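Have a look at the structure below, then the notes.
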Amino acid sequence: MSFTYEDVGATREAGFCPPGFHPLHVRTRIGEGERVFRRAAEAVCTWEVHRATGMGIEAGADRAAPGVDVTVTLAGLIKAPCRVVWTVSEYRRAGWAYGTLTGHPECGEEAFVVERTGDGTVWLTVSAFSRPAKWYARAGGPANRGLQAAFARRCGKVLRQLCEPENEY
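Dropping the structure here:
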């Protein structure tokens, strides 16, 4: 399968949104400290956050890595094929982005990045650019963007819960 958009990897550049796409940027405070950062990074990079939100995930690997194909199942009905386009694993940043493949109801890219700032605060940033690709996504209009933003906020809430000490693995 091939990507359904031209700017593959563009979510690496903060704030970039190609013409004709809708941007998304949701930042959620997860907690503080090295322990929280490491736990959050692990949960994001192993699909745990997605699964904990209730999304179905079929991935070609246990961890996000460039070239790994991932199919997200929405509401048990809609299959959304994607491919990881980049990852980051640094001292204070970890995460990845995937892009839509043929058959996905949307067209674009979405990134999930955990960052520990200089004061020790841990954040999850979900950023994306997208536009409808299927008729039913177009029919959803602005409601689809609202659902995407709600999902990004849910990822932050779920990740915060996963990082609470009593929920450690």
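Residue numbers 1 to 169, in the working numbering, belong to the letters of the sequence shown in order.
Heads up, the beta-carbon is just placed ideally off N, CA and C, and yes, glycines get one too.
Nothing here was measured: the structure is a model prediction, and the numbers come from that model.
*Looking only at C-alpha atoms, which of E106, F129, R160 and G146 sits nearest to W135?*
By one-based count along the sequence shown, residue 135 stands at place 135. Among E106, F129, R160 and G146, the Cα nearest to that of W135 is on E106.
*Give me the Cβ distance between V85 and V8, rounded to the nearest whole Å; I'm assuming they're in contact under 8 Å.*
Within the sequence shown, numbered from 1, the residue matching residue 85 stands at position 85. Within the sequence shown, numbered from 1, the residue matching residue 8 stands at position 8. Indeed they touch by this definition, with Cβ atoms about 5 Å apart.
*Name the DSSP beta bridge partners of W123, please?*
Numbered from its first residue, the sequence shown carries residue 123 at position 123. Beta-bridge pairing links W123 to R29 and E115.
_Among C17, E34, L162 and C155, nearest to T117 - alpha-carbon criterion_ = Numbered from 1 along the sequence shown, position 117 holds the residue referred to as residue 117. Among C17, E34, L162 and C155, the Cα nearest to that of T117 belongs to E34.
*Cβ contact (3+ pairs, closer than 8 Å) linking the stretch 48–62 and the stretch 136–143*: A contact is defined here as three or more CB-CB pairs under 8 Å, and the stretch 48–62 fails this definition with respect to the stretch 136–143.
*Based on the DSSP output, what are the partners of K79 in its beta bridges?*
Reading the sequence shown from its first residue, position 79 is the one you call residue 79. DSSP output for K79 lists T73 as bridge partner(s).
*Which ranges would you report for the alpha helix (DSSP H) in the stretch 36–69 if only whole runs of at least 4 residues count?*
48–52
*Going by DSSP, what residues sit across from R12 in a beta bridge?*
Sequence index remark: in the sequence shown, residue 12 carries index 12 (1-based). Partner(s): none; R12 has no beta bridge.
*In its own chain, which residues sit with a C-beta less than 8 Å from the C-beta of L24, not counting the 5 before and 5 after it?*
In the sequence shown, residue 24 corresponds to position 24, counting from 1. Here the set comprises E110, V126, S127, A128, F129, S130, R145, Q148, A149 and A152.
*Measure the C-alpha to C-alpha separation of P132 and R83 and round it to an integer number of angstroms.*
By one-based count along the sequence shown, residue 132 stands at place 132. By one-based count along the sequence shown, residue 83 stands at place 83. Using only the alpha carbons, I get a separation of about 18 Å.
*asked:* What does the alpha-carbon distance come out to for the pair G15 and A97?
replied: Translated into the one-based positions of the sequence shown, residue 15 becomes position 15. Translated into the one-based positions of the sequence shown, residue 97 becomes position 97. Whole-angstrom Cα-Cα distance: 14 Å.
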